[in-house]
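Asker: Under our numbering, think of the first position of the sequence shown as 172, with each following residue one higher. Sharing a structure below in structure tokens format, with a few things to ask.
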Amino acid sequence: MNSKPIEQLDHFLMATYRPAEVRFVRGEGTYLFDETGKRYLDFLSGIAVCSLGHAHPAIADALCEQARTLLHVSNLYRNELAPRLAYELDLLIGGGTTEVGGRVFFANSGAEANEAAIKLARAWGGPSKYVVVSTVGSFHGRTLATLHATGQVEKHRPFQPLPEGFRHVAYDDLEALEIRLHDSDVAAVLVEAVQGEAGVIQPSAGYLRGVRKLCDEHGVLLIVDEIQTGLGRTGSWFAFQHEGIVPDIVTVAKALGNGVPIGACWAKPEVAAAFQPGYHGSTFGGQPLAAAAALATLKVMRDEVVTERAVRRGEQLKRQLKDIPGVKDVRGKGLLLAAVLEEGISSTTVADAALKEGLVINAVASEAIRLAPPLLVSEDEVDQACRILTKVLSSISSSDGSVAEELDSGSEQRLSWSERGPGQLPLESGTAGREEIISEETSD
Ligand SMILES: Cc1ncc(COP(=O)(O)O)c(C=O)c1O
172 MNSKPIEQLD HFLMATYRPA EVRFVRGEGT YLFDETGKRY LDFLSGIAVC SLGHAHPAIA
232 DALCEQARTL LHVSNLYRNE LAPRLAYELD LLIGGGTTEV GGRVFFANSG AEANEAAIKL
292 ARAWGGPSKY VVVSTVGSFH GRTLATLHAT GQVEKHRPFQ PLPEGFRHVA YDDLEALEIR
352 LHDSDVAAVL VEAVQGEAGV IQPSAGYLRG VRKLCDEHGV LLIVDEIQTG LGRTGSWFAF
412 QHEGIVPDIV TVAKALGNGV PIGACWAKPE VAAAFQPGYH GSTFGGQPLA AAAALATLKV
472 MRDEVVTERA VRRGEQLKRQ LKDIPGVKDV RGKGLLLAAV LEEGISSTTV ADAALKEGLV
532 INAVASEAIR LAPPLLVSED EVDQACRILT KVLSSISSSD GSVAEELDSG SEQRLSWSER
592 GPGQLPLESG TAGREEIISE ETSD
């Protein structure tokens, strides 16, 4: 192996990102550690990916066991894990039943899951009904088709001409959508339940229900992109479930493998039937290693009742964020939140200062920082993060540029995975908390 200092090797990477200076080398639970051993509270989870935190033993065990058994065979052959995972996803998307009987295509990322959804909609609609209508500000990926579906023109510019067949309407605007749906060439509407990358923009209650109704009236498919919002993040398995609807196509990725790359495109059976053998594929899609990670992830998510944790910790985080001087408002649902900063406070300055103080968050918009901690985050960890943000914001407001107080490490309250053991999370953040949650709810 090359022994050059790592800093001298960075330029071998294409300059597609602007990474922070910090280099993480290890993670455990809600914590990340850099090369110097400094500890960081991770309130971003690799952008809503590591919902079970870092180095979760159940995921690590599943990966090790699968790596020793079978990594990959290609889709020329069946494997034992992909159909099991498809069944689990169908069950979750169906709200606990497989009555809808959806079918799943496995990919390796969110963009690929959406690419599959777009191709499926085109195969379903035929040559005269191929347009995908998506929303302004949306983010659906970086492949050419998903980039065009992404409603951000500045991201399109360097890559013109983009594939045709994409139109955009304002988000959270049913009238604008209805006008667009009069075009007879529209095959599908592609929409996020919450616009994550746009700054955690939550539409009005009833919006998705309205989109569903319009799609039904116009004979158009509804594709809900749950890549950032899915798998418990907003407090239900999928964010569309808050609205009591079932889309025709659902795309999932990010949290599905808790850090192992995997994406999925689920579709109702009558829609999925438009894909015939040879229409679409992926060498790695549904391979045993990624499927094993996803199956283990879903099992832990169910055992740890992550949906209820997201509701409970989300409410705590939202409440505490709102009380921080310098925070004007808090957007989002569950554990996908954005703190909107008072005018004149730059989100990048706050995110950079927070990182220095050991808190990982991101400047999702110029006026807002995004917080998406692991769904297993504890009450104490939420307190710690809010203490750090309070100090960061007060130091920025008093503009001396440095955070005065040493941060409370909170380490006494924290148990390592080995101390916790799988399924042994402390009361406040473990399954044992479920009884408490239920009794609180029923006493309301
Ligand atoms: C809503 C949404 N869709 C699609 C994607 C693209 O996923 P990926 O980066 O895995 O291709 C993202 C990524 O942030 C996303 O948030």
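Even glycine gets a Cβ: it sits at the ideal position worked out from N, Cα and C. Owing to the predicted nature of the structure, the values given are computational and were not obtained by experimental measurement.
Helix, strand or coil for Arg-274, going by three-state DSSP, please let me know.
Answerer: strand
Asker: Given Glu-611, which residues of its chain have a CB within under 7 Å of its CB, disregarding the five upstream and five downstream residues?
Answerer: Interpretation of Glu-611 is limited by its pLDDT of 30, a score under 50 that renders its predicted location unreliable; the figure taken from the coordinates is listed afterwards. Nothing listed; no residue qualifies.
Asker: What span of residues does the alpha helix (DSSP H) with Ser-566 cover, start to end?
Answerer: Start and end: 550-568.
Asker: Counting only the same chain and skipping the five closest in sequence on each side, list residues whose C-beta sits under 6 Å from that of Phe-337.
Answerer: The beta carbon of Phe-337 sits closer than 6 Å to the beta carbons of Val-303, His-319 and Ala-320 from its chain, once the five residues preceding and following it are set aside; these are given in chain order.
Asker: Could you check which residue in Ile-420, Leu-460 and Phe-409 has the C-alpha nearest to that of Val-431?
Answerer: With respect to the C-alpha of Val-431, the residue from Ile-420, Leu-460 and Phe-409 having the closest C-alpha is Leu-460.
Asker: Is any non-hydrogen atom of ligand 1 found closer than 7 Å to the C-beta of Asn-173, if you look at the structure I gave you?
Answerer: no
Asker: Since Thr-422 sits in a beta bridge, which residues does DSSP pair it with?
Answerer: Asp-396 and Cys-436
Asker: With a threshold of 8 Å, are at least 3 pairs of Cβ atoms found where one atom belongs to the stretch 347-366 and the other to the stretch 237-253?
Answerer: No, the stretch 347-366 does not touch the stretch 237-253.
Asker: If you reduce the DSSP assignment to three classes, tell me which class Asp-523 lands in.
Answerer: It is helical.
Asker: Flag Asn-533 as yes when its Cβ comes closer than 7 Å to any non-hydrogen atom of ligand 1, and as no otherwise.
Answerer: Distances from the CB of Asn-533 to the heavy atoms of ligand 1 are all 7 Å or more.
Asker: Under the rule that 16 or more other beta-carbon atoms within 10 Å means buried, what is Asp-356, buried or exposed?
Answerer: So Asp-356 counts as exposed.
Asker: Helix, strand or coil for Pro-593? Go by DSSP, reduced to three states.
Answerer: Because the pLDDT at Pro-593 is just 43, under 50, the model does not fix this residue reliably, and the value given afterwards should be weighed accordingly. In this structure, Pro-593 counts as coil in the three-state DSSP scheme.
Asker: Tell me whether the beta-carbon of Thr-201 lies closer than 8 Å to the beta-carbon of Pro-440.
Answerer: no
Asker: Can you tell which of Ser-565, Val-531, Lys-425 and Ala-445 has the C-alpha that lies nearest to the C-alpha of Ser-280?
Answerer: Lys-425
Asker: Roughly how many angstroms lie between the CA atoms of Gln-491 and Ala-481, to the nearest whole one?
Answerer: 15 Å
Asker: Can you tell me which of Leu-469, Val-193 and Arg-239 puts its alpha carbon nearest to the alpha carbon of Ile-177?
Answerer: Val-193
Asker: Regarding Glu-259 and ligand 1, is the C-beta to nearest heavy atom distance less than 7 Å?
Answerer: no
Asker: Less than 7 Å separating the Cβ of Ile-617 from some heavy atom of ligand 1?
Answerer: Residue 617 lies beyond the range of the chain shown here (172 to 615); nothing can be said about it.
Asker: Are the CB atoms of Ile-540 and Ala-509 within a distance shorter than 8 Å?
Answerer: yes
Asker: Can you grab the Cα-Cα spacing for the pair Gln-487 / Glu-479, in whole Å?
Answerer: Their backbone Cα atoms lie some 12 Å apart in a straight line.
Asker: Let me make sure I understand the geometry here. Which of Glu-283, Lys-384, Leu-546 and Ala-522 has the alpha-carbon closest to that of Ile-398?
Answerer: Glu-283
Asker: Give me the residue from Thr-561, Val-548 and Gly-503 with the minimum Cα distance to Ala-522.
Answerer: Thr-561
Asker: Round the Cβ separation of Ala-464 and Ile-230 to the nearest angstrom and send it over; I've been treating them as touching at under 8 Å.
Answerer: About 6 Å separates the beta carbons of Ala-464 and Ile-230, which is inside the 8 Å limit, making them a contact pair.
Asker: Please report the distance separating the alpha-carbon of Gly-434 from that of Lys-504.
Answerer: 23 Å
Asker: For Asp-377, which option in Val-371, Leu-361, Phe-411 and Ile-516 has the closest C-alpha, if you only look at C-alpha atoms?
Answerer: According to the sequence as given, residue 377 is Gly; it is not Asp. Closest by alpha carbon: Phe-411.
Asker: Does the stretch 326-336 come close enough to the stretch 286-303 that 3 or more CB-CB pairs lie under 8 Å?
Answerer: yes
Asker: Could you give the distance in angstroms between the alpha-carbon of Leu-212 and the alpha-carbon of Val-501?
Answerer: Leu-212 and Val-501: Cα-Cα distance of roughly 20 Å.
Asker: In chain order, which continuous runs of the alpha helix (DSSP H) of length 4 or greater are located wholly inside the stretch 286-339?
Answerer: 315-320 and 324-327
Asker: Ligand 1 heavy atoms versus the CB of Ile-218: any closer than 7 Å?
Answerer: yes
Asker: Ordered along the chain, which non-local residues of its own chain (more than five positions away) have a Cβ less than 8 Å from that of Asp-205?
Answerer: Val-193, Arg-194, Phe-195, Val-196 and Tyr-211
Asker: So Val-391 packs on Ala-358, CB below 8 Å; how close in whole Å?
Answerer: Indeed, because the Cβ distance is near 7 Å, the residues count as touching under 8 Å.
Asker: Kindly examine ligand 1 and report whether one of its heavy atoms sits closer than 7 Å to the Cβ of Gly-503.
Answerer: no
Asker: In or out: Arg-189 buried (at least 16 other Cβ within 10 Å) or exposed?
Answerer: exposed
Asker: Between the C-alpha atoms of Glu-270 and Gly-403, what's the straight-line distance to the nearest angstrom?
Answerer: Cα-Cα distance, rounded: 21 Å.
Asker: Looking at the strands, I want to know which residues DSSP matches up with Ala-284.
Answerer: Answer is none; Ala-284 lacks a bridge partner.
Asker: Helix, strand or coil, according to DSSP, for Leu-507 in the structure here?
Answerer: Here DSSP, grouped into helix, strand and coil, assigns Leu-507 to strand.
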